[in-house]
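For reference, the structure discussed in these notes is given below.
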Amino acid sequence: MALFPRRISFVLKHELMNIPFFGWVLRGLDMVSLDRGSIRQAHQAVTRECAARLKKGDAVVIFPKGTRVAHDAPLKLASGGVRLACATKVPVVPVVHDAGRVWPAKGWPDRGGHIRVIVTPCLPVDCEIPQELNKLAQAQMDAALAELR
């Protein structure tokens with residue numbers, strides 16, 4: 074984390090906190106957990122928590138699929154990131170990687186390799202039409218993923 078000038082808060086599903094040892098590490102890192110039992114309440118709670126962290130100067134990272142997917146699977150963004158950006162008026166910086174090539178969605182890595190990451194240009198928040206922001210982020214990520222494949 075010393076490479077980043079700001080503290081990073083990842084949003085993750087709450088079930089990960091229940092994994093022995095791994096969950097303890099996540100709690101120690103003070104991540105934002107999303108309890109998917111009641112989606113509406115969960116999104117409200119995560120939005121409040123992320124807004125507070127953004128106000129403190131943290132960067133918030135959300136994996137838009139909410140889970141690991143196959144490397145060559147099409148990416149369809151969920152709306153949580155755009156809703157958070159609209160609620161907090163914070164720009165979106167889409168980032169893509171090809172970790173699925175090295176670590177498959179199901180199972181453990183079976184070989185070593187390098188993971189490539191592309192940070193796409195920052196998207197200003199225009200929340201009059203949140204769907205447009207989602208489409209723009211989707212287009213940038215699709216183009217970047219095409220470079221990685």
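Just so we're aligned, residue 74 is where the sequence shown starts under this note's numbering, counting upward by one. Note that CB positions come from ideal geometry on N, CA and C, so glycine has one too. As the structure is a computational prediction, the values presented were derived from the model and not from experiment.
With burial defined as no fewer than 16 other Cβ atoms inside 10 Å of the residue's Cβ, what is the status of residue i: buried or exposed?
i, result
"V119", "buried"
"A219", "exposed"
"P93", "exposed"
"P78", "exposed"
"R206", "Note on residue identity: the sequence assigns Leu, not Arg, to residue 206. Buried, since its Cβ has 16 or more Cβ neighbours within 10 Å."
"G153", "buried"
Taking the alpha carbon of residue i as the point to measure from, which residue in the options has its own alpha carbon closest?
i, options, result
"I81", "L127, P177, A158", "L127"
"H87", "V98, R109, H187, R79", "R109"
"A216", "V134, V155, G180, I191", "I191"
"P194", "G154, D183, P167", "P167"
"G180", "F94, A143, V98", "A143"
"R132", "P164, R156, A115", "Sequence check: residue 132 is Ala here, not Arg. Nearest C-alpha to A132: P164."
"R222", "V175, G185, D171, E205", "D171"
"A178", "R79, D145, I112", "D145"
"V84", "N91, D103, F95", "D103"
"R113", "R156, K162, G130, D199", "R156"
So residue i and residue j are supposed to be a Cβ contact under 8 Å. How far apart are they, rounded?
i, j, result
"V105", "C123", "6 Å"
"P89", "L99", "Note that residue 89 is Leu in the sequence shown here, rather than Pro. L89 to L99, Cβ: 6 Å. Contact."
"C159", "P203", "5 Å"
"G186", "R174", "7 Å"
So if DSSP puts residue i in a beta bridge, which residue, or which two residues, is it bridged to?
i, result
"S106", "L85"
"R170", "The residue asked about is misnamed: residue 170 is His in this sequence, not Arg. Beta-bridge pairing links H170 to V190."
"I135", "V84"
"L46", "An answer regarding residue 46 cannot be provided, because it is not within the stretch 74 to 222 covered by the chain."
Subject >> contact_flag[the stretch 202-215, the stretch 144-157] where n(CB pairs < 8 Å) is 3 or more >> reply: With the rule of 3 Cβ pairs closer than 8 Å, the stretch 202-215 counts as touching the stretch 144-157.
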